[in-house]
Each structure stands twice: as C-alpha cells, then as structure tokens.
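Notes for the one structure printed next.
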Amino acid sequence: MSNVIEIEGLRKTYRRRGQVTVAIDGLDLTVPEGGVFGFLGPNGSGKTTSIRCLLGLARPTAGQLRLLGHRVPEGLGAGMRRIGSIVETPALFPTMTARENLRLLGSVDGIGPRRVEAALEMVGLSDRGDDLVKKYSLGMRQRLALGAAVLKEPDVLVLDEPANGLDPAGMREVRDLLRRFAAEGRTVFVSSHILTEIEQTCDRVAILAAGRCVTHGSVDEVLAAAGHRVGILVKVEDLVVGGRVLEAAGLVVERVDDALRVEVDPGAAAHITRLLADADQWVTELRPHRFSLEDVFLELTNAPEEVAA
Ligand SMILES: Nc1ncnc2c1ncn2[C@@H]1O[C@H](COP(=O)(O)OP(=O)(O)O)[C@@H](O)[C@H]1O
Ligand SMILES: [Mg+2]
C-alpha cells in the first residue's frame, strides 16, 4: 500500500517583531492510502499550519513533504487534480445558488453539469441546489463546501476542521459524508480539535501537541500504546480509606469521579475485593476500566477539551 501523505521533520516558525513562534516542531507523519485519517490536537497545536504547508499554501522552515508521492511544493502541480481540500472558510458566492456556485467552480477545471449534480447528490443538497447560498444554514454551507471539494472527484480529501461550529446534527452529517467518501475508495485526511467529533469516524489517528506528533496509529494501536493503563474501577463507601488500603498494598490508585481506579490487571479483582474487605471496606461496585481515546488525548495533549459551540 502506498502512502498518500509523507511528512518528515517538518518545522515551521513564524517571526513577528523579533518574536519567534514555533508552530511545527519536527513533525513526522505518514498517511496510508484509504480510510479516514484523523489529525487531532488542541487549538494552536499546529494542524492548520501543517495542512497549509502540505498544500503548498505556506512555506516550511525545514522538512520534506510528499503528497501522492509528489514533492511539495515542486511537484504539487502534477498532484493537485487528485486532491480536494477545505482550508479555512471556502469562498462561496452568497448571492448565487449552490448549483451556480459549483458550476462556476467546475468550469475552471472543465467540469460539466453532470459532475455538479453528482456532487450535490453526494452531499444531500440536490433538492436545495437552487436556493441562494446566503439562505443556507452553516451546516448546509459546510456540506456545499464538501461538495465543492469532491467536484474534481479527487482521490484524496484534505479537510481542516470541516465540522467546526456545527451543531450535533451537522457534525453527524459531516461524519457520515467522510465515511461515504472513504467507502468510495478515497483517502480522507481530516483535522479536528474535538476528539469526540470524529473519534468513531477515523480508521487511524495522529495526535498533535505543541507542533509535534505525540502518538499515531490505528485507534486500537493508540489505545494499546497506553495499554499499561488497563485497570479496575472500584467503589467503596469511604474512598479515602479505601484508597489508603490499596496504596498500602503497593497498588497505584487514582480517584476517578466517585470511584477509585486501580492500575492492575482486571484479573486481580478478587485480590482487590479481599484487601478492601479485610479493612472493613465493602465493595459496592467493581469493573474493568480502560482509558478511552479521549483520556489518552487529554493526557497527551495536556489540555482540557473544548466543548463544541
Ligand atoms: N500566520 C501566523 N503568524 C504567526 N503565528 C502563527 C501564524 N499561523 C499560526 N501561528 C501560530 O502557530 C501555532 C499553530 O497554529 P495553527 O497551525 O493555527 O494551530 P491549529 O490549527 O492546530 O489550531 C499557534 O501558536 C499559532 O498562534
Ligand atoms: Mg486550525
């Protein structure tokens, strides 16, 4: 399987009035062909800058980038026809209809009405194609932008936070679309600062923090990399006493909401129950606990996840 995106040692610094900002600090990233790849990280972690470098919209300070095997920026001309993207707010004319917007866009690349209809159909806007874009909701505009991105029938879609600002229904529509694009054999590279927004949609993820990739792989691999973190969640009446008892037995214990999380193999349940019972701490609930991708994300990026607006 060939790689669609290859980034090696990417570095990007901005200099403003003597102040140097390191936006990307030695990023390595490989995106294989096919599926949805989530490029995740909190705000300011460098997602947009990376994507801009990848598409030749910003010049890297250092590093090598390849898109569909072509070197960026030298080889971009050859590959650009196979790439659809949304970076920042796409330019759509508000006083034109959706259909007119896509036809105008398509005409630049010699794309005719048939493909415009196919794109509208794909993003579920066929029936609303003759509405003026200024009458569109944010979700519909975002779908139209996705329609514009697939107009060329690209093999690769590079999307910078396509679900930003959407309500849960809008996000769901975007998620469904990404899956549909991937099911058609395209590779989707999509960034997000809200993990839960695209967690279930992605086949693979890379998590970015402060301009560096802190973990990457399939969702299962990323979870397994944090694999020593399986444990047992146990509830007792007195969490303070219960915690002390377990710690005295040499266990690593952490408070999680109204329970204790003990870092042991789930097979150690009987041992935990006995330790607590011996100290007159009666277990009211006990179950295996595995950190979610969100826990891994928050821990690695060390930033509270923002609530979607
Ligand atoms: N044009 C710019 N000039 C100066 N600093 C920038 C510029 N663009 C981005 N940055 C800085 O680079 C860092 C990464 O930003 P960005 O790539 O937009 O992150 P993200 O998309 O993950 O939110 C941030 O600290 C941001 O302030
Ligand atoms: Mg961004």
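Each residue of the sequence shown is one higher than the one before, counting from 1195 in the numbering used here. Positions of the beta carbon are idealized from the N, C-alpha and C atoms, including for glycine.
Quiz item: For H1483, does the three-state DSSP call read helix, strand or coil?
Solution: Your numbering for residue 1483 matches position 289 in the sequence shown. DSSP places H1483 in strand when its eight states are reduced to three.
Practice problem: Flag this pair as touching only if the stretch 1362-1371 and the stretch 1201-1208 have three or more C-beta atom pairs under 8 angstroms; answer yes or no. | Solution: no
Quiz prompt | Element boundaries [beta strand (DSSP E), containing P1226] | solution = As a working mapping, residue 1226 is identified with position 32 in the sequence shown. It spans 1213-1226 - the beta strand (DSSP E) in which P1226 sits, taken as one unbroken run.
Quiz item: Just to confirm, are T1289 and D1324 a CB contact at a threshold of 7 angstroms?
Solution: What you label residue 1289 is simply residue 95 of the sequence shown in a count that begins at 1. What you label residue 1324 is simply residue 130 of the sequence shown in a count that begins at 1. No.
Quiz prompt | Selection from P1482, A1473, L1251, G1229 that minimises the alpha carbon distance to A1462 | solution = Residue numbering aside, residue 1462 sits at position 268 when the sequence shown is read from its first letter. Considering only alpha carbons, the answer is P1482.
Quiz item: Of all the options D1451, R1322, I1392, which has the alpha carbon lying nearest to the alpha carbon of F1231?
Solution: Here the question's residue 1231 lines up with position 37 in the sequence shown. Out of D1451, R1322, I1392, I1392 has the C-alpha closest to the C-alpha of F1231.
Practice problem: Look at V1447 and L1454 and say whether their C-beta atoms are less than 7 angstroms apart. | Solution: The residue you call residue 1447 lines up with position 253 of the sequence shown. The residue you call residue 1454 lines up with position 260 of the sequence shown. Cβ atoms of V1447 and L1454: closer than 7 angstroms.
Self-check item: Stretch-stretch touch, CB-based, cutoff 8 angstroms, three pairs: the stretch 1298-1318 with the stretch 1243-1263
Solution: no
Exercise. Write down the C-beta distance between L1251 and V1281 rounded to the nearest angstrom, noting that I regard them as a contact closer than 8 angstroms.
Key: For the purposes of this step, residue 1251 is taken as residue 57 along the sequence shown, with counting starting at 1. For the purposes of this step, residue 1281 is taken as residue 87 along the sequence shown, with counting starting at 1. Confirmed, about 7 angstroms.
Quiz item: Sorted by chain position, which residues of the same chain lie with C-beta nearer than 6 angstroms to L1340's C-beta, five sequence neighbours on each side aside?
Solution: In the sequence shown, counting from the first residue as 1, residue 1340 sits at position 146. Cβ neighbours of L1340 beyond the five flanking positions: V1317, L1371.
Quiz item: Roughly how many whole angstroms lie between the Cα atoms of G1444 and V1435?
Solution: Along the sequence shown, one-based indexing puts residue 1444 at 250. Along the sequence shown, one-based indexing puts residue 1435 at 241. Looking at the two C-alpha atoms, the distance is approximately 15 angstroms.
Quiz item: Where does N1237 land, buried or exposed, given buried means 16+ other C-beta within 10 angstroms?
Solution: In the sequence shown, counting from the first residue as 1, residue 1237 sits at position 43. N1237 is exposed by the Cβ-count criterion.
Exercise. With DSSP as the reference, label S1386 as helix, strand or coil.
Key: Mapped onto the sequence shown, residue 1386 falls at position 192. Three-state DSSP puts S1386 in a strand.
Quiz item: In terms of DSSP beta bridges, what is R1455 paired with?
Solution: Stepping through the sequence shown from its first residue, residue 1455 is reached at position 261. Paired residues: L1427, E1448.
Quiz item: DSSP three-state call for A1400: helix, strand or coil?
Solution: On the sequence shown, residue 1400 is found 206 positions in, with the first residue counted as 1. Reduced to three states, the DSSP call for A1400 is strand.
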